[in-house]
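Trainee: First residue of the sequence shown? That's 4 in our numbering, and the numbers climb one at a time after it.
Ideal placement from N, C-alpha and C gives every residue a C-beta, glycine not left out.
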Amino acid sequence: MKIDLDCLSCALKMTSRNARLITKDIELQRKIMIEVIKALEAINWDSIPIEFTFIVNNVITKVTGNPDPFKEFRKKSNDMVLKIYPKLKKMIEESADRLETAVKLSAAGNSIDFGAYVQPDLHESIEKAMKGRLAINDYGEFREKVLEAENLIYFLDNAGEIVFDRLLIEAMLDIRSKPFKSITLVVKGGPAMGDVIPEDVEYVGLDKLPNVKIRCVSNGTEGTGPWLLSETVRSWIREHDLRVFKGHANFEAYHEEADSFFILMVKCPIVAKMVGAPIESFILKHSR
């Protein structure tokens, strides 16, 4: 998915929202906006929308002088969901289909997103997901693949949301009654707004799952990992027979990957049009 003209207005909205989140200094907020506008002049229209997240993050980092300006907010997001982890776990265990319930909750968890076009309430999203159906529901294929696969690669998205991903992987292991030979968790190699980095994986206990290894992709800064669409990352994907991509950015980057599963809340009119599902709906999509 390449950058669309409407992505520019979305990027500016994301910038103003996060500038206000990071600092109360009006002059700094204005400077962040101006510097992002300048950076957008040089955008490569053949790149993918996540480039905007990297641009906004890098500008905020430079203007504030803080190498990880969203660290506190990632921790708050993680703590918020860890607090309700026992309740969510009980919901899964008491449901008629534990894996399906975990998928729905994971999709609802995608509402936690500092860069989203819309900002849904998490608890409302959970309630909506549990009461309704997935707008795109390839659950049959997903369950079959979970039961037969040997190696799982899971591209994580946002802090806080990863607690829901932990619940989903735990549900996978539960119905399999055996571990995967390997679980590869893909995160950003350095801070990028609310995106997961290795310390978040460890903070929420995802690293304690059996046979886990963490791999890092670039956060838009040199030396933080291979580029998302590099042959290196493509080779990681090919090494695994169960491929799960979580959230908007991962869908935008990898939607053409064959035999892969995408779990997300639709939060953007462009993605809504691509998948044929309304904004704020939940999807589990299999790319055949």
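Relative to the C-alpha of H243, which candidate in N214, I186 and S290 has its C-alpha closest?
Mentor: When only C-alpha atoms are compared, the closest one is I186.
Trainee: Determine the DSSP secondary structure at S185, reduced to helix, strand or coil.
Mentor: Note: S185 maps to strand in three-state DSSP.
Trainee: For I217, list the residues DSSP reports as bridge partners.
Mentor: According to DSSP, which records beta bridges pairwise, I217 is partnered with L188.
Trainee: With distance defined between alpha-carbon atoms, name the residue in V278, V274 and L245 nearest to F264.
Mentor: Among V278, V274 and L245, the Cα nearest to that of F264 belongs to L245.
Trainee: Report all residues from its chain with a CB closer than 7 Å to the CB of V199; omit the five preceding and five following residues, and keep chain order.
Mentor: Cβ neighbours of V199 beyond the five flanking positions: L159, D160, N161, A162, I165, V190 and K191.
Trainee: With DSSP run on the structure shown, which of helix, strand or coil describes L137?
Mentor: Reduced to three states, the DSSP call for L137 is coil.
Trainee: Per DSSP, which residues does V247 bridge with? Please list them.
Mentor: Y157 and F264.
Trainee: With distances taken from CA atoms, which of V59, L43 and K148 is nearest S290?
Mentor: Looking at the Cα atoms, K148 is the closest of the given residues.
Trainee: Per DSSP, which one or two residues make a beta bridge with I63?
Mentor: In DSSP, I63 forms no bridge with anything.
Trainee: Look at the alpha carbon of D9 and the alpha carbon of A152, and state the distance between them as a whole number of angstroms.
Mentor: C-alpha separation (whole angstroms): 39 Å.
Trainee: Taking the alpha-carbon positions, what's the V121 to L11 distance?
Mentor: At V121, the pLDDT of 49 sits below 50, so the modelled position is not reliable; the number obtained from the coordinates is stated separately. The straight-line gap from Cα to Cα measures roughly 15 Å.
Trainee: Return helix, strand or coil for F73, following the three-state DSSP convention.
Mentor: In the structure shown, F73 sits in coil (DSSP, three-state: anything other than H, G, I, E or B).
Trainee: Could you check if T235 is buried or exposed, using at least 16 other CB atoms within 10 Å of its CB as the buried criterion?
Mentor: Under this definition T235 is an exposed residue.
Trainee: On the criterion of 16 or more Cβ atoms from any shown chain inside 10 Å, does G208 qualify as buried, or is it exposed?
Mentor: Per the 10 Å Cβ criterion, exposed.
Trainee: In whole angstroms, what is the alpha-carbon distance linking K92 and D168?
Mentor: Going by the C-alpha atoms only, they are around 12 Å apart.
Trainee: Decide if V274 is buried, meaning its Cβ has at least 16 other Cβ atoms within 10 Å, or exposed.
Mentor: Buried: at least 16 other Cβ atoms inside 10 Å.
Trainee: For V3, which residues of its own chain have a beta-carbon under 8 Å away from its beta-carbon, when the five flanking residues on both sides are left out?
Mentor: Here the chain covers residues 4 to 291 and nothing more, so residue 3 does not appear.
Trainee: Here's the rule: buried if 16 or more other CB atoms are within 10 angstroms of the residue's CB, otherwise exposed. What is R77?
Mentor: R77 should be labelled buried.
Trainee: Kindly give me the distance between the Cβ atoms of D141 and K288, rounded to whole angstroms, as I take these residues to be in contact under 8 Å.
Mentor: Going by Cβ atoms, the distance from D141 to K288 rounds to 6 Å, so yes, they are a contact pair.
Trainee: Looking only at its own chain, which residues have a Cβ that is under 6 Å from the Cβ of G250, when we skip the five neighbours before and after it?
Mentor: Around G250: N113, D160 and L267.
Trainee: Could you compute how far the alpha carbon of I95 sits from the alpha carbon of C271?
Mentor: I95 and C271: Cα-Cα distance of roughly 28 Å.
Trainee: Just grab the DSSP bridge partners of K288 for me.
Mentor: F265.
Trainee: Measure the Cβ-Cβ separation of V220 and G228 and say whether it is below 7 Å.
Mentor: Yes, they are a contact pair.
Trainee: For D100, does the three-state DSSP call read helix, strand or coil?
Mentor: It is coil, neither helix nor strand.
Trainee: Mind checking who D2 pairs with in its DSSP beta bridge?
Mentor: Not covered by the structure: residue 2. The range shown for the chain is 4 to 291.
Trainee: Over the uninterrupted alpha helix (DSSP H) stretch that includes I46, give me the two end residues.
Mentor: No alpha helix (DSSP H) contains I46, which DSSP labels as neither H nor E.
Trainee: How far does the alpha helix (DSSP H) with C10 in it extend, from its first residue to its last?
Mentor: That run of the alpha helix (DSSP H) goes D9 to I25.
Trainee: Which residue's Cα is closest to the Cα of F183: K216, M196, G197 and P201?
Mentor: The shortest C-alpha separation from F183 is found at K216.
Trainee: Quick one: using the 10 Å Cβ neighbour count with 16 as the cut-off for buried, is D203 buried or exposed?
Mentor: Buried, because 16 or more other Cβ atoms sit within 10 Å of the Cβ of D203.
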